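According to UniProt numbering, the residues represented by the sequence shown are 1 to 346, in order.
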Amino acid sequence: MDTSTAAPPKNPVVASPPPATNPPPAGNRSLVCKKDVLGEFDGDPGKLEVFLGRVITITSSNPDPYWEPAVVCCLPQCLVGDAQTWHVGLSAAESRKMTTVAEWCRIMRRRFPVNKHEQRQQAHIRTWDAPNETSMTYYFKKVQLFRHAYGDLFTDDAIAQQVISGLPASMRTVLRLPQEGASLEEVQDALCDWEPSWREDKGIPLVTKSTGQKEKESATTESEPSAKVLTVPPNRPPRSDLRSATVPTKPVAFVPPVSTSASVASLAASYDPTRVIPANGGQPRMYRRPDSSKVMKLARNCIKCSGQHFDFEHDHLLRAGQLNIIDSLTEDYPEVEESELDLQHF
């Protein structure tokens, strides 16, 4: 019987333990998230999900372990109005818990609860405002409303049907999407492809923001002079100064007023019947001015006889026998036979 034992193998291979993944030392480096990147939240519950959705998306955009702490440090700077008041009033224990974006979202949803019934109602009644927004704007907002209102209760296919139901019937006919089984991607692609043709066929152009902005600026500019007249107080000395002292006034140069009658007299003196353009084809009576290349349009009747001619023409037309002043002055008065009246008491 061989009692010898096998010699141990030379140079045994020993599995080395995996390297320890220690977190990087604190203070080694840091990242900074700016307030402008995240936006602001004023405490309106209806705007909370939009704000939190942006925060979550930006946090997930950078896998660096230092990035989420940078976002958390920036979040208090994004709170204004009621949200800022709420955050300032937190206890020390509550503040110590808010060290992650997930914890921020949980606490803010609890402190700024939205009316779920109203939120879901808005999601269902949202329709496409074709004159003022593109179909893509409607699509994104409709999807956002349903996801915020229902979470995972509505599948993407169900949300796609809700997007289709908010379109006008003429647009649904153009898209020709199935009533069941259409995906959100198919709905989005169809809207992109057919919106221009639908607008051209129905004569519904998109009102651009630049046009509306120009109109708003124009309206603001036009209202500025009147606003200044109403709001700026008159620059006057105190009442005591008015009583005790006489303020010297500068001589004002005399500007002779423009005499309308003189202008009419000048045109009457140089009146030329060949310069008259009779009314025709919806255009009023006109007169070519002898002193310029401009043409005058008749905007009102003659002030002397209410005839359809210029004031400076009146005397010339009267001398030419083209006016019947007596008839025009008496045609509105009723007439009866004298025998029909009892005039014995007059």
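Backbone N, C-alpha and C define an ideal beta-carbon position, used for all residues, glycine too. Since this is a predicted model, take the numbers as computed values, not measurements.
Work out the CA separation of residue j and residue i for me, nearest whole Å.
{"i": "Y271", "j": "D291", "result": "11 Å"}
{"i": "W128", "j": "R110", "result": "32 Å"}
{"i": "E337", "j": "V276", "result": "43 Å"}
{"i": "E68", "j": "I107", "result": "17 Å"}
{"i": "C74", "j": "I125", "result": "36 Å"}
{"i": "R288", "j": "S135", "result": "54 Å"}
{"i": "E313", "j": "G282", "result": "21 Å"}
{"i": "P207", "j": "A130", "result": "For the sequence presented, residue 207 should be read as Val rather than Pro. C-alpha separation (whole angstroms): 9 Å."}
{"i": "S91", "j": "A182", "result": "50 Å"}
{"i": "I56", "j": "L38", "result": "10 Å"}
{"i": "L31", "j": "K47", "result": "27 Å"}
{"i": "A190", "j": "L52", "result": "30 Å"}
{"i": "G89", "j": "K35", "result": "21 Å"}
{"i": "E195", "j": "L175", "result": "9 Å"}
{"i": "A158", "j": "R96", "result": "41 Å"}
{"i": "K116", "j": "E186", "result": "29 Å"}
{"i": "G203", "j": "L177", "result": "23 Å"}
{"i": "P278", "j": "Q308", "result": "10 Å"}
{"i": "E133", "j": "N280", "result": "45 Å"}
{"i": "D315", "j": "S293", "result": "24 Å"}
{"i": "I164", "j": "D152", "result": "19 Å"}
{"i": "residue 348", "j": "A269", "result": "With the chain covering only 1 through 346, there is no way to say anything about residue 348."}
{"i": "S197", "j": "T137", "result": "17 Å"}
{"i": "A93", "j": "Q121", "result": "37 Å"}
{"i": "M98", "j": "G166", "result": "40 Å"}
{"i": "D193", "j": "R54", "result": "29 Å"}
{"i": "R300", "j": "D201", "result": "44 Å"}
Between which two residues does the alpha helix (DSSP H) containing residue i stretch?
{"i": "R106", "result": "V101 to R111"}
{"i": "V163", "result": "D156 to S165"}
{"i": "K297", "result": "First-last for K297: V295 to K297, but that is the beta strand (DSSP E), not the alpha helix (DSSP H)."}
{"i": "Y138", "result": "S135 to Y150"}
{"i": "T57", "result": "L48 to S60"}
{"i": "P196", "result": "L184 to K202"}
{"i": "residue 349", "result": "Outside the shown range of the chain, which is 1 to 346, sits residue 349, and nothing can be said about it."}
{"i": "K116", "result": "K116 to I125"}
{"i": "L206", "result": "Here L206 belongs to no alpha helix (DSSP H), and DSSP marks it neither H nor E."}
{"i": "D315", "result": "H314 to R319"}
Could you check where the beta strand (DSSP E) with residue i kicks off and where it finishes?
{"i": "M171", "result": "Counting along the chain, M171 falls outside any beta strand (DSSP E), though it belongs to the alpha helix (DSSP H) covering A169 to L175."}
{"i": "R288", "result": "M286 to R288"}
In its own chain, which residues sit with a C-beta less than 6 Å from the C-beta of residue i, not counting the 5 before and 5 after it?
{"i": "L184", "result": "D156 and A160"}
{"i": "N62", "result": "none"}
{"i": "E49", "result": "H148"}
{"i": "A320", "result": "none"}
Within a Cβ cutoff of 7 Å, which residues of the same chain sit near residue i, ignoring the five residues on either side of it in sequence?
{"i": "Q119", "result": "H148 and A149"}
{"i": "P76", "result": "H87"}
{"i": "P205", "result": "R199"}
{"i": "L79", "result": "F41 and H87"}
{"i": "L323", "result": "C305, G307 and L317"}
{"i": "residue 348", "result": "The requested residue 348 does not occur in the structure, where the chain is confined to residues 1 to 346."}
If you drop the 5 nearest sequence neighbours on each side, which residues of the same chain put their C-beta closer than 8 Å to that of residue i?
{"i": "residue 352", "result": "The chain is shown only over 1 to 346; residue 352 falls outside these bounds and no answer can be derived."}
{"i": "Q162", "result": "A123, H124, K142, F146 and F154"}
{"i": "F310", "result": "L267, R285, Y287, M296, L298 and C302"}
{"i": "Q179", "result": "Q161"}
{"i": "C33", "result": "I58, W67, A70, V71, C73 and C74"}
Check: Counting pairs of beta carbons, one from the segment 71-84 and one from the segment 33-43, are three or more of them closer than 8 Å?
Finding: Because the criterion of three Cβ pairs below 8 Å is met, the segment 71-84 and the segment 33-43 touch.
Note to self: Taking 8 Å as the cut-off, does the segment 164-175 touch the segment 103-121 (at least 3 CB pairs, one atom from each stretch)?
What the structure shows: Cβ pair count under 8 Å is below three, so no.
Margin query: Measuring CB atoms only, is the segment 96-105 touching the segment 135-145, in the sense that at least three cross pairs come out at less than 8 Å?
Written below: The segment 96-105 and the segment 135-145 do not touch, with fewer than 3 CB-CB distances between them shorter than 8 Å.
Notebook entry, point to check: Where are the alpha helix (DSSP H) runs, 4 residues long or more, that stay fully inside the segment 67-91, in chain order?
Noted result: Listed in chain order, they are 67-74 and 81-88.
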